[in-house]
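Chemist:
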Amino acid sequence: MVFDFLKEEAMIRILRSGWLIGFMLLGMGLAQGRTGTIIGRVVDQTGAVIPEAVIQLWEPTTGVHRMVRTDHTGEFRFEQLGPGRYRILVSAEGFASQSRDIVLTAGAHLEPTFALSPQPLAEEVVVLAGTIVDTPEVLRRIPGSVEILDRWAFEASRIFTVNEALRKVTGVFAREEEGFGLRPNIGIRGLNPTRSTKVLLLEDGIPLTYAPYGDNASYYHPPVDRFESIEVIKGSGQILYGPMTIGGVINYITPNPPEKPRGAVTLIGGNRDYLNGHFTYGGTWGGTGLLFDYLRKQGEGARENTRTGLNDANLKIVTALGSKHALTIKGNYYGENSQVTYSGLRLDEYLANPRQNPFLNDRFLGDRYGASVTHAYVVRNEVVLTTNFYGSMFFRDWWRQSSNSNQRPNRRGDPGCRGMEDLLTTCGNEGRLRKYYTWGIEPRVRAFDKLFGIRGETEFGFRAHFERQDRKQMNGQAPTARTGILVEDNERKNQAYSGFLQHRFLLGRWTITPGLRLEHVRYERTNRLANRGAGATGRTHLMEVIPGIGITFAP
């Protein structure tokens, strides 16, 4: 009896399961017959297909989201869609995005076509910092290696100097000197880092060094505290910039004024009289933004008889002149007064006291005044013209008793200077006195266009750059002398004219970027002490054509 009862109950369960499966299959069949399909195409204004366009599909009521890409014929497909209202968003690099609402009935089959227009560079001018990599799309398309350090990376790591920041970039070596990052030694991919001579340093796209053509040595470097981000470009992709791009390009980005008024004060202190005080305040009033920041940094460093003090003040003004024009004005003052030597220690000196500095009378004095004006003009939606006007003055005096380990001291051999035993009494010193004046203008055009029927992006421009150097050396007769006998008096002048053209062919995920740069430089040098004070002048010039091409694939 029990067996018959269990057998009957099992049969009932099997029948119930069969009915349930049957109803499910029937429902699926009915649903299959009621589902719709969207098979569309994406083309440009000429009817040419656009492969690798991104198609996104939303169903607003359920929030369901699907995404596909167009194939080489420009076609995309969504299947198994139930009836309802859908929104389709189509986007492709170099084109303006397009969205469309579609109502799909049960079992419907739709074949929409999306004709995309070239993406405008700007409908109205929007003032941005002078970045090289302004969008993620540009980042993917630049040949070579590009890395960006942002403000979050600075704050998360408590960056102390620019050297610490740049060490986070693959392939970049930044050698310390005095511990404050005042004169960085930056090398990229194994190049000699001394004075960063093989790297082009920019601030908001404008040359930062005081004489990039005539003396590209970094005896001045602004504190990292006032930068918002850092762009580092290695390898190819440098046709648009010059000179001294053998290792790469480093572009420091300053922040723009905030929309609402706000300010901040940061004070950091430590032993050995360390102080880092930073004040910022800015805002936007009536369409004009202002940002002011002031930095005071000082400390005794890691060696005896050393002390560094610097002041850095900046003002940035950004204003819109209608919907098509914008103006950015920047001014900067940097002043340094440091008790710092040019020389390290010999082995015996290091073993005796690794933190000693026997050259306690060496001193560096530096002042830099810089200004720039940037005008941005939207010619039309696909064309933007940016013009930079810039200039700077840099004065630096470095009085020292040693310039390398063989000069102990550098006036050894003079009467009364027998060696290190007379260093602080009767040995004199040398004063390397420099004045640099730099100014220039650079218009630059960026446009989306078509070349040979292939969509792309063109950038071209011209720069006229001028430098003047006044270089003197005086031999002082005492360790603390700040004047002396004039033994070198040179004037150097440079005129540099450069033109550049680069075009990006956008072929789906592939980008081919040919470019050309032309540099014409005129050098002039006058030795004022030659010919018994009558002077002598020499001139030369050079012209170089620098071609380049890069190919990138963005997966």
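Residue numbers (this note's numbering): 1 to 555. Positions of the beta carbon are idealized from the N, C-alpha and C atoms, including for glycine.
Does ASP225 come out as helix, strand or coil in the three-state DSSP assignment?
Modeler: In the sequence shown, residue 225 corresponds to position 225, counting from 1. DSSP places ASP225 in helix when its eight states are reduced to three.
Chemist: Within 10 angstroms of its Cβ, does TRP399 collect 16 or more other Cβ (buried), or is it exposed?
Modeler: Taking the sequence shown and counting its residues from 1, one reaches residue 399 at position 399. By the neighbour-count rule (16 or more Cβ atoms within 10 Å), TRP399 is buried.
Chemist: Please determine if the segment 364-384 and the segment 441-455 are in contact, where contact requires at least 3 C-beta pairs separated by less than 8 Å.
Modeler: Touching, per the Cβ criterion.
Chemist: In chain order, what residues of the same chain lie with their CB nearer than 6 Å to the CB of TYR281, ignoring the 5 residues before and after it?
Modeler: Residue mapping note: residue 281 aligns to position 281 of the sequence shown, counting from 1. So the list reads GLY263, PHE292, once near-sequence residues are dropped.
Chemist: Can you tell me the Cβ-Cβ gap for PRO143 and ILE551, rounded? I've got them flagged as a contact below 8 Å.
Modeler: Start at 1 with the first residue of the sequence shown, and residue 143 comes out as number 143. Start at 1 with the first residue of the sequence shown, and residue 551 comes out as number 551. Indeed, because the Cβ distance is near 7 Å, the residues count as touching under 8 Å.
Chemist: Thinking GLU300 and ASP273 are a contact (beta carbons under 8 Å), I'd like their distance in whole angstroms, please.
Modeler: Against the sequence shown, residue 300 aligns to sequence position 300. Against the sequence shown, residue 273 aligns to sequence position 273. GLU300 to ASP273, Cβ: 5 Å. Contact.
Chemist: Rounded to whole angstroms, what is the Cα-Cα separation between ILE441 and ILE39?
Modeler: One-based indexing of the sequence shown puts residue 441 at position 441. One-based indexing of the sequence shown puts residue 39 at position 39. Rounded to the nearest angstrom, the two C-alpha atoms are 52 Å apart.
Chemist: If we call anything under 9 Å between Cβ atoms a contact, is LYS324 one with THR308?
Modeler: In the sequence shown, residue 324 corresponds to position 324, counting from 1. In the sequence shown, residue 308 corresponds to position 308, counting from 1. In this structure, THR308 does not lie closer than 9 Å to LYS324 by Cβ.
Chemist: Select from ARG492, ALA481, GLY515, GLY508 the residue whose C-alpha is nearest the C-alpha of GLY461.
Modeler: For the purposes of this step, residue 461 is taken as residue 461 along the sequence shown, with counting starting at 1. Measuring from the Cα of GLY461, the nearest candidate turns out to be GLY515.
Chemist: Quick one: is ALA536 buried, meaning 16 or more other Cβ sit within 10 Å of its Cβ, or exposed?
Modeler: For this step, residue 536 is matched to residue 536 along the sequence shown. Its Cβ having fewer than 16 others within 10 Å, ALA536 is exposed.
Chemist: Nearest-angstrom Cα distance between GLY533 and ASN388?
Modeler: Within the sequence shown, residue 533 is the residue found at index 533, counting from 1. Within the sequence shown, residue 388 is the residue found at index 388, counting from 1. Their backbone Cα atoms lie some 40 Å apart in a straight line.
Chemist: Looking at TYR369: is its Cβ nearer than 9 Å to the Cβ of SER338?
Modeler: For this step, residue 369 is matched to residue 369 along the sequence shown. For this step, residue 338 is matched to residue 338 along the sequence shown. Their beta carbons are not under 9 Å apart, which means TYR369 does not touch SER338 by this criterion.
Chemist: Identify whether LEU542 lies in helix, strand or coil by the three-state DSSP scheme.
Modeler: On the sequence shown, position 542 is the one that residue 542 refers to. Residue state, collapsed to three classes: strand.
Chemist: Measuring straight from C-alpha to C-alpha, what distance separates ASN494 and VAL249?
Modeler: For this step, residue 494 is matched to residue 494 along the sequence shown. For this step, residue 249 is matched to residue 249 along the sequence shown. Looking at the two C-alpha atoms, the distance is approximately 22 Å.
Chemist: Measuring only the C-alpha atoms, how far is PRO243 from GLU421?
Modeler: Residue 243 sits at position 243 when you count from the first residue of the sequence shown. Residue 421 sits at position 421 when you count from the first residue of the sequence shown. Between PRO243 and GLU421, the C-alpha separation is close to 45 Å.
Chemist: Tell me, to the nearest whole angstrom, how far the beta carbon of ARG434 is from that of ARG492; I am working on the premise that it is less than 8 Å.
Modeler: The residue given as residue 434 occupies position 434 in the sequence shown. The residue given as residue 492 occupies position 492 in the sequence shown. Their Cβ separation, rounded to whole angstroms, is 10 Å, which puts ARG434 and ARG492 out of contact at 8 Å.
Chemist: TRP152 bridges to which residues according to DSSP?
Modeler: The residue labelled residue 152 in the question sits at position 152 within the sequence shown. Answer is none; TRP152 lacks a bridge partner.
Chemist: Could I get the ranges of all uninterrupted alpha helix (DSSP H) runs contained in the segment 345-396, with 4 residues as the minimum, in chain order?
Modeler: Within the segment 345-396, the complete alpha helix (DSSP H) runs of at least 4 residues are 347-352.
Chemist: Name the DSSP beta bridge partners of LYS316, please?
Modeler: Numbered from 1 along the sequence shown, position 316 holds the residue referred to as residue 316. Looking at the DSSP assignment, LYS316 forms a beta bridge with LEU291, LYS330.
Chemist: Considering only the alpha carbon of each residue, which of ARG363, LEU295, ARG418, GLY548 lies closest to ASP225?
Modeler: The sequence position of residue 225 within the sequence shown is 225, counting from 1. The residue with the shortest Cα to Cα distance from ASP225 is LEU295.
Chemist: Have a look at the DSSP bridge pairing and note the partners of GLU459.
Modeler: As a working mapping, residue 459 is identified with position 459 in the sequence shown. Answer is ARG446, GLN502, bridged to GLU459.
Chemist: State buried or exposed for MET474, treating a residue as buried only when at least 16 other CB atoms are found within 10 Å of its CB.
Modeler: Here residue 474 is taken as the residue at index 474 of the sequence shown, counted from 1. Buried.
Chemist: Use the C-beta contact count for PHE359: other C-beta atoms within 10 angstroms, 16 or more gives buried, fewer gives exposed.
Modeler: Position 359 of the sequence shown holds residue 359. Under this definition PHE359 is a buried residue.
Chemist: What do you get for PHE227, buried or exposed, if any count of 16 or more other CB atoms within 10 angstroms of its CB means buried?
Modeler: Mapped onto the sequence shown, residue 227 falls at position 227. With 16 or more other Cβ atoms within 10 Å, it is buried.
Chemist: Quick check on VAL162: buried or exposed, where buried means 16 or more other Cβ atoms within 10 Å of its Cβ?
Modeler: To locate residue 162, count along the sequence shown from 1; it is residue 162. Burial call: buried.
Chemist: Please go through the same chain and pick out, in chain order, the residues whose beta-carbon is closer than 6 Å to the beta-carbon of HIS465, but skip the five residues on each side of it.
Modeler: In the sequence shown, counting from the first residue as 1, residue 465 sits at position 465. The residues are GLY440, ALA496.
Chemist: Check the C-beta distance from GLN401 over to PRO479 and give it rounded, since I have them as a contact under 8 Å.
Modeler: Here residue 401 refers to the residue found at position 401 of the sequence shown. Here residue 479 refers to the residue found at position 479 of the sequence shown. Sure, about 7 Å apart at Cβ, within 8 Å.
Chemist: Taking 9 Å as the cut-off, decide whether the C-beta atoms of GLU459 and LEU501 are in contact.
Modeler: Mapped onto the sequence shown, residue 459 falls at position 459. Mapped onto the sequence shown, residue 501 falls at position 501. Going by C-beta atoms, GLU459 is nearer than 9 Å to LEU501.
Chemist: Count Cβ pairs between the segment 204-218 and the segment 163-170 that sit closer than 8 Å; are there 3 or more?
Modeler: Counting Cβ pairs under 8 Å, fewer than three are found: no touch.
Chemist: Going by the DSSP bridge assignment, what does THR552 pair with across the sheet?
Modeler: Here residue 552 refers to the residue found at position 552 of the sequence shown. Answer by DSSP bridge pairing, in chain order: THR511.
Chemist: Which residue from ASN185, LEU240, THR438, ALA371 puts its Cα closest to that of PRO504?
Modeler: Numbered from its first residue, the sequence shown carries residue 504 at position 504. According to the sequence shown, residue 504 is Arg rather than Pro. Of the candidates ASN185, LEU240, THR438, ALA371, the one whose C-alpha sits nearest the C-alpha of ARG504 is LEU240.
Chemist: Less than 6 Å between C-beta atoms, sequence neighbours within five positions excluded: which residues of the same chain meet that for LEU20?
Modeler: Your numbering for residue 20 matches position 20 in the sequence shown. Any answer about LEU20 is weak, because its pLDDT of 45 lies below 50 and its placement is not dependable; what the coordinates show is given next. None.
Chemist: Exposed or buried, which one is GLN469 when buried takes at least 16 other CB atoms within 10 Å?
Modeler: For the purposes of this step, residue 469 is taken as the residue at position 469 of the sequence shown. When all chains shown are included, GLN469 counts as buried.
Chemist: Taking the continuous beta strand (DSSP E) assigned at VAL54, which residues delimit it?
Modeler: Residue numbering aside, residue 54 sits at position 54 when the sequence shown is read from its first letter. Note, VAL54: beta strand (DSSP E), 54-59.
Chemist: Between the segment 199-212 and the segment 249-261, can you find at least three pairs of beta-carbon atoms closer than 8 Å?
Modeler: Touching, per the Cβ criterion.
Chemist: May I ask you to list the residues that DSSP assigns as paired with ASN276?
Modeler: Locating residue 276 in the sequence shown gives position 276, where the first residue counts as 1. Its beta-bridge partners are ILE268, LYS297.
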